[in-house]
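Here is the structure we will look at, set down as structure tokens.
Here it is in structure tokens:
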């Protein structure tokens with residue numbers, strides 16, 4: 002057992018020794034490997050240090066090559082406009098007529114682009130080239146402006162405005178093909194000018210050219226209508242009232258409107274939207290100035306003939322105000338300059354209302370005589386004719402009256418600075434008309450008291466003038482307006498009637514008798530048929546009979562005298578009928594009663610009782 006054990010231990014010991022021997026070999030190998038790695042690392046560093054500078058230099062060379070390529074490309078781009086200048090100069094110098102408008106415009110556009118490129122290069126060496134291209138572009142743009150002007154002038158000959166106004170035709174517009182060419186030219190000129198100009202120009206040359214050419218066309222077309230306004234304003238009869246529509250201002254305004262609307266339709270397709278207001282206002286400015294001048298001259302004419310021609314001022318306000326509103330609706334412009342041109346006429350129209358009232362008063366005050374037969378004063382018909390004329394201009398008058406304020410037209414009144422925009426202009430006109438009528442009748446009443454010696458004649462005079470007022474209201478457009486003025490008219494009519502009837506108190510008094518109830522008993526109340534005139538007269542005393550005879554005589558004398566005077570008065574038809582009815586209402590009942598009781602005083606001989614009841618009724622009826 003011991004021997005096998007020793008053999009086993011010897012074997013294991015041998016294996017351990019082999020293991021230790023192998024470990025020694027491994028250590029030796031590991032050292033060799035570490036030494037090799039160390040040497041390789043040292044060699045790698047040496048290689049990297051040797052190759053590094055060479056690699057860096059290669060990258061720098063590649064970057065430099067790329068930069069050189071870019072510089073060459075930039076130089077080529079810079080040289081391109083310069084190389085192009087020669088070919089474009091030949092085209093531009095040849096002109097649009099020779100090379101054709103499309104090719105000319107194309108060349109101009111290329112030149113514009115070349116100039117833009119040079120300016121963006123910002124190289125000092127290009128300044129000479131920029132100056133040369135600027136000069137070239139200016140020449141080309143000027144030639145294009147000339148073409149623009151020539152196209153416009155082809156349709157700039159004045160037309161006959163009355164042909165289009167009377168036939169209600171639209172004024173001629175520029176042909177579509179020309180509008181297209183003008184639009185193209187304007188666009189290219191605008192681009193060229195933007196490059197040439199050192200500042201931001203609001204108006205391009207095409208705007209000025211268009212405004213000049215088309216503005217002259219409008220002014221020359223409308224010039225005769227402006228002259229016609231002044232020729233039709235001349236008066237053939239100094240004191241004649243202006244009649245609506247006789248002046249040429251309506252035709253003038255219609256012509257302006259037609260031309261302005263047509264021109265707006267020309268401007269819009271040619272120019273850009275932001276340029277429309279400037280182009281349109283500049284184009285119309287000359288004719289607007291002429292229009293304003295015409296209005297000033299008409300205003301001077303109106304002021305020189307204010308009482309008769311103030312109606313022309315009202316007509317101008319109406320026509321021109323409507324013109325400005327329609328143009329504002331159709332074009333969105335020109336409202337303000339037209340309104341400004343109207344201001345002098347409006348001020349004159351305002352002043353006319355006070356002047357008319359003053360004239361109404363002064364014409365009566367300065368009268369040195371009245372119709373001797375009590376006829377109406379011509380001043381009343383004149384005053385009413387003015388009011389009738391005013392109804393033709395209620396719209397402008399309403400505006401004027403509202404601006405003055407109620408009562409602001411009176412000479413002793415100060416108009417309120419706060420305009421009541423909600424006021425009823427028609428109602429204010431009624432107030433104004435009523436004041437004018439009242440002024441007229443008051444002054445006539447005072448003048449009648451001064452120049453007519455008797456109350457009946459004064460009454461007839463007032464009644465006649467009231468009749469003229471009433472008739473001229475009813476027979477005109479004043480009727481629906483002045484319905485409320487009837488009370489005033491009726492008051493004056495009653496005043497005239499009362500004054501006239503004062504004279505009839507005398508014959509009426511003769512028909513009033515005193516009845517004595519202790520003589521022959523009370524009269525029966527059964528009416529005329531129950532009265533026995535013979536019995537009544539028989540019961541009278543001699544003194545009463547004599548008194549009765551005197552009454553009959555006095556009545557006859559007074560009655561005949563008043564009948565003769567009545568017939569001598571100059572009465573308006575309605576006044577004559579009215580006063581006849583009033584007299585008949587007073588006299589006929591009194592006379593009938595008196596005749597029934599006392600006609601037997603002369604036993605039918607007619608010595609004292611001149612009229613029976615039927616004869617008196619016929620006489621009174623004849624007064625109407």
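Residue numbers (our numbering): 2 to 625. Where is the CB? At the ideal position from N, CA and C, for every residue including glycine.
- C-alpha of residue 512 to C-alpha of residue 602: approximately 14 Å in a straight line.
- A distance below 6 Å between beta-carbons, with the five flanking residues on each side excluded, links residue 312 to the following residues of its chain, in chain order: 243 and 390.
- Between the segment 369-378 and the segment 450-463, the count of Cβ pairs shorter than 8 Å is three or higher; the stretches touch.
- Rounded to the nearest whole angstrom, the C-alpha separation of residue 334 and residue 410 is 33 Å.
- In the same chain as residue 174, and ignoring 5 residues on each side of it, the C-beta atoms closer than 7 Å to its own belong to 263, 266 and 267, in chain order.
- Where residue 304 is concerned, the enclosing alpha helix (DSSP H) starts and stops at 277-305.
- Contact check for residue 315 and residue 206: beta-carbon distance about 45 Å, past the 8 Å limit, so the pair fails to qualify.
- In this structure, the straight-line span from the alpha carbon of residue 308 to that of residue 568 is close to 37 Å.
- For residue 301, the number of other beta carbons within 10 angstroms of its own is below 16, and it is reported as exposed.
- In this structure, the CA atom of residue 363 is about 50 Å from the CA atom of residue 172.
- Ranked by Cα distance from residue 278, the options 306, 212, 252 and 219 are led by 212.
- Listed in chain order, the non-local C-beta contacts of residue 352 below 8 Å within the same chain comprise 307, local neighbours out to five positions each way being set aside.
- Contact fails between the segment 238-258 and the segment 178-187, because fewer than three Cβ pairs, one in each stretch, are under 8 Å apart.
- By the C-beta density criterion, residue 261 is buried, having at least 16 other C-beta atoms within 10 angstroms.
- Each residue's CA atom was taken as its position, placing residue 454 and residue 571 some 16 Å apart.
- Contact annotation: the segment 286-304 touches the segment 226-239, with at least three C-beta pairs closer than 8 Å.
- When rounded, the separation of the alpha-carbon atoms in residue 559 and residue 387 is 42 Å.
- Within the same chain, 377, 381 and 382 come within 6 Å of residue 469 by CB-CB distance, once the 5 residues on both sides are set aside.
- About 13 Å separates the CB atoms of residue 617 and residue 581; that is not less than 8 Å, and the two are not in contact.
- In the structure shown, residue 604 falls within a coil segment according to DSSP collapsed to helix, strand and coil.
- Going by beta carbons, residue 395 and residue 324 fall outside the 9 Å limit.
- DSSP places residue 367 in the coil class of the three-state scheme, outside both helix and strand.
- Here the alpha carbons of residue 222 and residue 160 stand approximately 6 Å from one another.
- 465 is the residue among 405, 465 and 404 whose C-alpha sits nearest the C-alpha of residue 575.
- Residue 237 sits exposed, since fewer than 16 C-beta atoms from the chains shown fall within 10 Å of its C-beta.
- Contact check for residue 345 and residue 289: beta-carbon distance about 15 Å, past the 8 Å limit, so the pair fails to qualify.
- Annotated three-state conformation of residue 483 is coil, per DSSP.
- Residue 170 carries a coil assignment under DSSP once its states are collapsed to helix, strand and coil.
- Here the alpha carbon of residue 606 sits roughly 43 Å from the alpha carbon of residue 450.
- Distance from the CA atom of residue 590 to the CA atom of residue 621, rounded to whole angstroms, is 12 Å.
- Taking a 10 Å sphere around the C-beta of residue 448, we find 16 or more other C-beta atoms and assign the residue as buried.
- By the Cβ neighbour-count rule, residue 17 is exposed, with fewer than 16 other Cβ atoms within 10 Å of its own.
- Residue 485 and residue 367 have their C-alpha atoms spaced approximately 31 Å apart.
- For the pair residue 563 and residue 557, the Cα-to-Cα distance works out to about 10 Å.
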